[in-house]
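Engineer:
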Amino acid sequence: KAGVTQTPRYLIKTRGQQVTLSCSPISGHRSVSWYQQTPGQGLQFLFEYFSETQRNKGNFPGRFSGRQFSNSRSEMNVSTLELGDSALYLCASSLAAGENSPLHFGNGTRLTVT
Amino acid sequence: GESVGLHLPTLSVQEGDNSIINCAYSNSASDYFIWYKQESGKGPQFIIDIRSNMDKRQGQRVTVLLNKTVKHLSLQIAATQPGDSAVYFCAENWAGGYQKVTFGTGTKLQVIP
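If you read the protein sequences in the order shown, they are chains B and S. Note that this note's numbering gives residue 88 to position 88 of the first sequence, counting from 1, and the numbers run on in steps of one. In this note's numbering, each residue's number is its place in the second sequence (first place is 1) plus 1000.
#1: Starting from the Cα of Thr1010 of chain S, find the closest Cα among S:Ser1085, S:Gln1058, S:Val1070 and give me that residue.
#2: If we ignore side chains and look at the alpha-carbon of each, how far apart do Leu1008 of chain S and Ile1112 of chain S end up?
#3: Counting only Cβ pairs nearer than 7 Å, list the residues of chain S close to Arg55 of chain B.
#4: Taking the Cβ atom as the reference point for each residue, do Ile1047 of chain S and Phe1033 of chain S lie within a distance shorter than 9 Å?
#5: Is Leu81 of chain B helix, strand or coil when you go by DSSP?
#6: Mapping DSSP to helix, strand and coil, what is Asp1017 of chain S?
#7: In chain order, what residues of the same chain lie with their CB nearer than 8 Å to the CB of Ile26 of chain B, ignoring the 5 residues before and after it?
#8: Please compile the residues from chain B whose C-beta is within a distance smaller than 9 Å of the C-beta of Gly1106 of chain S.
#9: Roughly how far, in whole angstroms, is the beta-carbon of Val113 of chain B from the beta-carbon of Leu88 of chain B, given that I think they are within contact range, below 8 Å?
#10: Count the other CB atoms within 10 Å of the CB of Phe69 of chain B; is the residue buried (16 or more) or exposed (fewer)?
#11: If we call anything under 9 Å between Cβ atoms a contact, is Gly106 of chain B one with Gln37 of chain B?
#12: Using 8 Å as the threshold, is the segment 1061 to 1077 of chain S in touch with the segment 1020 to 1027 of chain S, meaning 3 or more CB pairs across them?
#13: Our contact map puts Ser74 of chain B next to Cys91 of chain B with C-beta atoms below 8 Å; I'd like the distance itself, whole angstroms only.
#14: Going straight from the alpha carbon of Asn1067 of chain S to that of Asn59 of chain B, what length do you get?
#15: Hey, would you say Asn56 of chain B sits closer than 9 Å to Trp1094 of chain S, going by beta carbons?
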């Protein structure tokens, strides 16, 4: 079974721009979560989607948004980029079939904002 | 002000020895706990999980111990190998939180050949 796929692998953007990151979950997984990883803050939860609905949201500003499609693929968008948005953005999928199940992560998108 | 990077605790272990990585979790309502391994340039990789109705679970060369009284979790790696060198994260979740998993700050494991 193919793992979680994230594209692109690397991105360089300038302040004020916006960016869209893509995630394809493991086949059959309906939950997709997004995390931001930085040396300063570690792994921080952004949001989680299940069946195209956002079920949970972390403490990030409204510039961070996401969506999930009917095939469970997900995208996240960051608008009006700031230098502090430079990070590794990780997507994870899970079965989430009613009780807790482990997250399976992709290798992330490394975003650099200059 | 200037942000300060997280200082990851480091555990150095001789190859072949056993490793024990500890973690304190924060939410007494958490009922599901997971250990992840993250190698450089990769996303976290699931190692083993345990539910709150258990206090010990074993996998291949790994054992997780859960002490709910003191909110403590540990990961034991038997016969540590160079390939075990990575950052290890504990994570917690609770049934009412869907998949809003909270991660610890991580421990860097260095295996000395």
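Even for Gly, the Cβ is constructed at its ideal location relative to N, Cα and C. Every value quoted in this text rests on a predicted model; they were computed, and no experiment measured them.
Structural biologist: Put simply:
#1: Locating residue 1010 of chain S in the second sequence gives position 10, counting from the first residue. Closest by C-alpha distance to Thr1010 of chain S, out of S:Ser1085, S:Gln1058, S:Val1070, is S:Ser1085.
#2: Locating residue 1008 of chain S in the second sequence gives position 8, where the first residue counts as 1. Locating residue 1112 of chain S in the second sequence gives position 112, where the first residue counts as 1. If you take the alpha carbons of Leu1008 of chain S and Ile1112 of chain S, they lie about 18 Å apart.
#3: Here the question's residue 55 of chain B lines up with position 55 in the first sequence. Near Arg55 of chain B (Cβ distances below 7 Å), the residues of chain S are Tyr1098.
#4: Here residue 1047 of chain S is taken as the residue at index 47 of the second sequence, counted from 1. Here residue 1033 of chain S is taken as the residue at index 33 of the second sequence, counted from 1. Taking the C-beta atoms as reference points, Phe1033 of chain S is found no nearer than 9 Å to Ile1047 of chain S.
#5: Start at 1 with the first residue of the first sequence, and residue 81 of chain B comes out as number 81. Residue state, collapsed to three classes: coil.
#6: In the second sequence, residue 1017 of chain S corresponds to position 17, counting from 1. Coil at Asp1017 of chain S, not helix or strand.
#7: Here residue 26 of chain B is taken as the residue at index 26 of the first sequence, counted from 1. Here the set comprises Lys1, Ala2, Gly3, Val4, Ser93, His104.
#8: Residue mapping note: residue 1106 of chain S aligns to position 106 of the second sequence, counting from 1. By Cβ distance, chain B contributes Gly42, Leu43.
#9: Translated into positions along the first sequence, residue 113 of chain B becomes position 113. Translated into positions along the first sequence, residue 88 of chain B becomes position 88. About 13 Å separates the two Cβ atoms, so there is no contact after all.
#10: On the first sequence, position 69 is the one that residue 69 of chain B refers to. By the neighbour-count rule (16 or more Cβ atoms within 10 Å), Phe69 of chain B is not buried but exposed.
#11: Position 106 of the first sequence, counted from the first residue, corresponds to residue 106 of chain B. Position 37 of the first sequence, counted from the first residue, corresponds to residue 37 of chain B. In this structure, Gly106 of chain B lies away from Gln37 of chain B, with their beta-carbon atoms at least 9 Å apart.
#12: Contact holds: three or more Cβ-Cβ distances are below 8 Å.
#13: Here residue 74 of chain B is taken as the residue at index 74 of the first sequence, counted from 1. Here residue 91 of chain B is taken as the residue at index 91 of the first sequence, counted from 1. The pair is a contact, with the Cβ atoms about 7 Å apart (cut-off 8 Å).
#14: Translated into positions along the second sequence, residue 1067 of chain S becomes position 67. Translated into positions along the first sequence, residue 59 of chain B becomes position 59. The alpha-carbon atoms of Asn1067 of chain S and Asn59 of chain B are separated by roughly 29 Å.
#15: Residue 56 of chain B sits at position 56 when you count from the first residue of the first sequence. Residue 1094 of chain S sits at position 94 when you count from the first residue of the second sequence. For Asn56 of chain B and Trp1094 of chain S, no; Cβs fall outside 9 Å.
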